[in-house]
Amino acid sequence: MNRYLLFLLLVTTQSAFADGLPTSLPSSLATSIAAIQEEFVPEEPIKWMSGIHLLGGIGVSSAYVKSRDQDIDVGIGMNIRTDVGYYFADAYAIDLGISVVLNQVRKTLVWDTQHTLGFRTRLPAIFDLKNSISFLRVFGGRGPLVTIARGNGDKDTPVEGADRVQAEGNIVGAALGFFQKAKDKTTWFVDLGFSVHDLQRYEVIQEVNGVPEVVDTKNETDGTQFYTLNATMGIVFF
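Here the numbering used here = 1-based position in the sequence shown + 6.
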């Protein structure tokens, strides 16, 4: 008998509780749930770009010069870079890039410009970030490295005692990074790159009557190399 009474009590309680439930959620609660869904529900995944695109970024660099006679730690400087490339096959890109590295060693300004042709390939996810694509870029090219001494020449220039020296040589390097899609549909990129600039041809420049002139040219293969490590962050303009 007690068993039947307990069963009847449970059925009655459940029925009363069900009758008390609202048939629809309050508007404020529904709005809150919609906002939470918009915040946390994954957006459409980022895709590898296609066609022609322009990238630009700025970052920091660390440089080091190694030669037969001396090694110089150029220190921390600034890096500015732009790339324009053609992206295809949902995984690859060929681009032309210009990178400018600005550093200073004591009284000498070091200005390294790199004109490169690069090949970029998509990689499996390296960085565990939502809506991102990892990539590897390998590149090669050529460019000038200019050292400007503030004063009457400086021992840190490639040619001691020169006011200004411009050196040219081949460049090779690689960069590892990722594209990141933002909520406003903007695509950012971050990469860490390493390059080696092999310096071979030197032009000594002096001011003659207030006008810079090349006063000497040297072709040397003494193994002088300019190493740079760059961390760059930028945006895909189009």
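Cβ atoms here follow ideal geometry from the backbone N, Cα and C, with glycine treated the same way. Keep in mind that this is a model prediction, so the values were computed, not measured.
Span of the beta strand (DSSP E) holding residue 6?
For the chain, the structure presents residues 7 to 244; residue 6 sits outside this window and is missing.
State buried or exposed for residue 105, treating a residue as buried only when at least 16 other CB atoms are found within 10 Å of its CB.
For this step, residue 105 is matched to residue 99 along the sequence shown. It counts as buried.
Determine the DSSP secondary structure at residue 132, reduced to helix, strand or coil.
Walking along the sequence shown from the start, residue 132 turns up at place 126. In the structure shown, residue 132 sits in coil (DSSP, three-state: anything other than H, G, I, E or B).
Which of helix, strand or coil does DSSP assign to residue 55?
For the purposes of this step, residue 55 is identified with residue 49 of the sequence shown, where counting begins at 1. Looking at residue 55 - three-state DSSP - the assignment turns out to be coil, as it is neither helix nor strand.
Residue from 95, 53, 70 with nearest C-alpha to residue 82:
Taking the sequence shown and counting its residues from 1, one reaches residue 82 at position 76. Out of 95, 53, 70, 70 has the C-alpha closest to the C-alpha of residue 82.
Measuring CB to CB, does residue 90 end up less than 9 Å from residue 59?
Against the sequence shown, residue 90 aligns to sequence position 84. Against the sequence shown, residue 59 aligns to sequence position 53. Against a cut-off of 9 Å, the Cβ pair of residue 59 and residue 90 comes out as a contact.
To which residues of the same chain is residue 224 closer than 6 Å at the C-beta, ignoring the five residues directly before and after it?
In the sequence shown, the residue the question calls residue 224 occupies position 218. Cβ within range, chain order: 208.
Taking the alpha-carbon positions, what's the residue 189 to residue 201 distance?
What you label residue 189 is simply residue 183 of the sequence shown in a count that begins at 1. What you label residue 201 is simply residue 195 of the sequence shown in a count that begins at 1. When rounded, the distance between both Cα atoms is 33 Å.
Closer than 6 Å by C-beta to residue 143: which residues in its own chain qualify, once you throw out the five before and the five after it? Chain order, please.
In the sequence shown, residue 143 corresponds to position 137, counting from 1. If we look at residue 143 and ignore the five residues flanking it on each side, its Cβ neighbours are 124, 126, 181.
Excluding the 5 residues flanking residue 244 on each side, which residues of the same chain have their C-beta closer than 7 Å to its C-beta?
Here residue 244 refers to the residue found at position 238 of the sequence shown. The answer, listed in chain order, is 59, 60.
Residue 176: buried (16+ other C-beta within 10 angstroms of its C-beta) or exposed?
Within the sequence shown, residue 176 is the residue found at index 170, counting from 1. By the neighbour-count rule (16 or more Cβ atoms within 10 Å), residue 176 is not buried but exposed.
Along the beta strand (DSSP E) that carries residue 201, what are the first and last residues, could you check?
Indexing the sequence shown from 1 puts residue 201 at position 195. Element bounds for residue 201: 193 to 214.
Is residue 65 buried or exposed, if buried means 16 or more other CB atoms sit within 10 Å of its CB?
Within the sequence shown, residue 65 is the residue found at index 59, counting from 1. When all chains shown are included, residue 65 counts as buried.
Backbone CA spacing between residue 137 and residue 191 [nearest angstrom]
As a position in the sequence shown, residue 137 is number 131, starting the count at 1. As a position in the sequence shown, residue 191 is number 185, starting the count at 1. Using only the alpha carbons, I get a separation of about 11 Å.
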